[in-house]
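Numbering (the working numbering), first residue to last: 21 to 172. Ideal Cβ placement from N, Cα and C applies to all residues, glycine included. Here the structure is a predicted model, which means the values were calculated and not measured. Let me begin by presenting the structure, written as structure tokens, before commenting on it.
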Amino acid sequence: MSFFTSLSRSPKAEPAVPAPPASVGGSGPITLLVVDDSAMIRKAVTQTLEAAHYVVVSAENGRKALDEWERAPARFSLVLSDVFMPVMDGLTLGRELRRRSRTLPIVLMSSKIDEDGRWIAEEAGFRLIPKPFKDAHLLELIAHLLQTASPR
21 MSFFTSLSRS PKAEPAVPAP PASVGGSGPI TLLVVDDSAM IRKAVTQTLE
71 AAHYVVVSAE NGRKALDEWE RAPARFSLVL SDVFMPVMDG LTLGRELRRR
121 SRTLPIVLMS SKIDEDGRWI AEEAGFRLIP KPFKDAHLLE LIAHLLQTAS
171 PR
């Protein structure tokens, strides 16, 4: 985009989205694991993350996500998972991943979270984002978690 084009754009045309770091620990592109039983939500979240230059691997339930993670655990910088899914739910997935990595950022998302569910997720060390959410909010949260994550 040229300087003149950027000046003529309306400031409300596009929300400012933080650019992801080039890599975590200088190890190449940032790969995120996205887990949701809804193909529509997986696709929408994946498109948002890929537009922000993340590499995305997706899974339709916690069991498949855990299988993906176990193939190459060092590949993933963050996991974003729905809470309520068949086969293995997001909270169980989060607990299994936490046993394997104490520093992996895990974000749970759900449209059915009450205060008890929020407390359980946060007590287990997971961040929680209620659905629906704005793309910019998701990207800000992910960028923040990646910047503050401890090296694994």
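query, result
"Rounded straight-line distance, which links the Cα of residue 119 to that of residue 149", "22 Å"
"Option nearest residue 53 by Cα separation, candidates 121, 92, 100, 80", "100"
"Cβ-Cβ distance between residue 141 and residue 128 below 8 Å", "yes"
"Entirely enclosed alpha helix (DSSP H) segments - the stretch 48-124, minimum 4 residues", "59-71, 82-91, 110-120"
"Assigned secondary structure, residue 149 (DSSP; H/G/I helix, E/B strand, else coil)", "strand"
"Three CB pairs or more closer than 8 Å across the stretch 75-91 and the stretch 155-170", "no"
"Three-pair Cβ contact test at 8 Å for the stretch 106-120 versus the stretch 77-93", "yes"
"Local conformation of residue 140 per DSSP, three classes", "helix"
"Simplified DSSP state of residue 133, which is helix, strand or coil", "coil"
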